[in-house]
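K.L.:
Okay, so the sequence shown: first residue is 1 according to UniProt numbering, each after it adds one.
Don't be surprised by glycine CBs; every beta carbon is placed ideally from N, CA and C.
Dropping the structure in here first, questions after.
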Amino acid sequence: MKILAVSDEATLEKYSPETLKEMFKDIELIVSCGDVSNRYLDYLFTVLNKELVYVNGNHIYAGDHDISFCKNLDSGENCTVKGIKIVGFDGSQRYSMGPHQYREKDVFFMVMKSYVKTMFKTVDLVISHSPVGGINEGDDPIHKGFNSYRKAIDLLKPKYWLHGHIHLKSHHEIQESQLENTKIINVFGYKVLDLDFS
1 MKILAVSDEA TLEKYSPETL KEMFKDIELI VSCGDVSNRY LDYLFTVLNK
51 ELVYVNGNHI YAGDHDISFC KNLDSGENCT VKGIKIVGFD GSQRYSMGPH
101 QYREKDVFFM VMKSYVKTMF KTVDLVISHS PVGGINEGDD PIHKGFNSYR
151 KAIDLLKPKY WLHGHIHLKS HHEIQESQLE NTKIINVFGY KVLDLDFS
């Protein structure tokens, strides 16, 4: 499945609808890993006319802009797109009293809830805002990953895990890791990913 994944920086908003349609004519799904505005997601959804699934980051921009036509997977919600089972986890480490900020124990319960909601079955893809603890994470406390996501990998056994939150020098930079049988990819800016779910 060819996926357009976005996060943290609205890199594509400078392009016209015609250019976007040409650039991404082969994609089958749009995924957002958070910290981009609802207006940006609406623009991508409308122009590319593809299903869009997303989680919120620790920042919400244009939150009053309705994107109820997109599928929100915060807090371990799941959906199936073209036969691909997807689970999502929003937010970051807690650093203030703002929304979508969590303690490790909050995320552990979120992970366990997601496992129950998937009927104790494995999934194909996990999307999150923050990275997995110890993998692709930043140096400061806000940009540390959640160790409970390792439990999610043990239980859900996704083939791929996409995240944002960790800014790179540009969207051209590649940051990928492997944990057990799960490939973990930072999608800062945007990435076009041809993922094999067979």
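Between the Cα of K113 and those of E77, V132, I127, spot the shortest distance and give me the residue it belongs to.
P.N.:
Comparing Cα-Cα distances from K113 to each of E77, V132, I127, the minimum goes to E77.
K.L.:
Decide yes or no for the touch test of the stretch 169-185 against the stretch 106-120: beta carbon pairs closer than 8 Å, at least 3 of them.
P.N.:
Contact fails: fewer than three Cβ-Cβ distances are below 8 Å.
K.L.:
Figure out for me which residue from D124, Y149, L44 has the closest Cα to the Cα of S16.
P.N.:
Ranking D124, Y149, L44 by Cα distance to S16 puts L44 first.
K.L.:
Who are the near neighbours of G145 in its chain, counting only those whose CB is closer than 6 Å to its CB and skipping five residues on each side?
P.N.:
These residues qualify, in order along the chain: S130, P131, V132, G133, E137.
K.L.:
Are the CB atoms of I142 and S92 within a distance shorter than 8 Å?
P.N.:
Taking 8 Å as the Cβ cut-off, S92 and I142 qualify as a contacting pair.
K.L.:
G189 to V6, Cα distance in whole Å?
P.N.:
Whole-angstrom Cα-Cα distance: 6 Å.
K.L.:
By the 10 Å Cβ neighbour count, where 16 or more other Cβ atoms means buried, how is H163 classified, buried or exposed?
P.N.:
So H163 counts as buried.
K.L.:
Hey, could you find the ends of the beta strand (DSSP E) T182 is sitting in?
P.N.:
It spans 182-186 - the beta strand (DSSP E) in which T182 sits, taken as one unbroken run.
K.L.:
Buried or exposed: F69, going by 16 or more other Cβ atoms within 10 Å of its Cβ?
P.N.:
Exposed.
K.L.:
Can you list, in chain order, the residues of its chain whose CB lies under 6 Å from that of I30, leaving out five sequence neighbours each side?
P.N.:
Taken in chain order, the residues that qualify are L4, L44, K50, L52.
K.L.:
Here's the rule: buried if 16 or more other CB atoms are within 10 angstroms of the residue's CB, otherwise exposed. What is K25?
P.N.:
Answer is exposed; the Cβ neighbour count stays below 16.
K.L.:
Suppose you measure from the CA of A10 to the CA of S37; what does that come to, to the nearest Å?
P.N.:
Going by the C-alpha atoms only, they are around 8 Å apart.
K.L.:
Alpha carbon to alpha carbon, what distance is there between R94 and Q101?
P.N.:
So the alpha carbons of these two residues sit roughly 4 Å apart.
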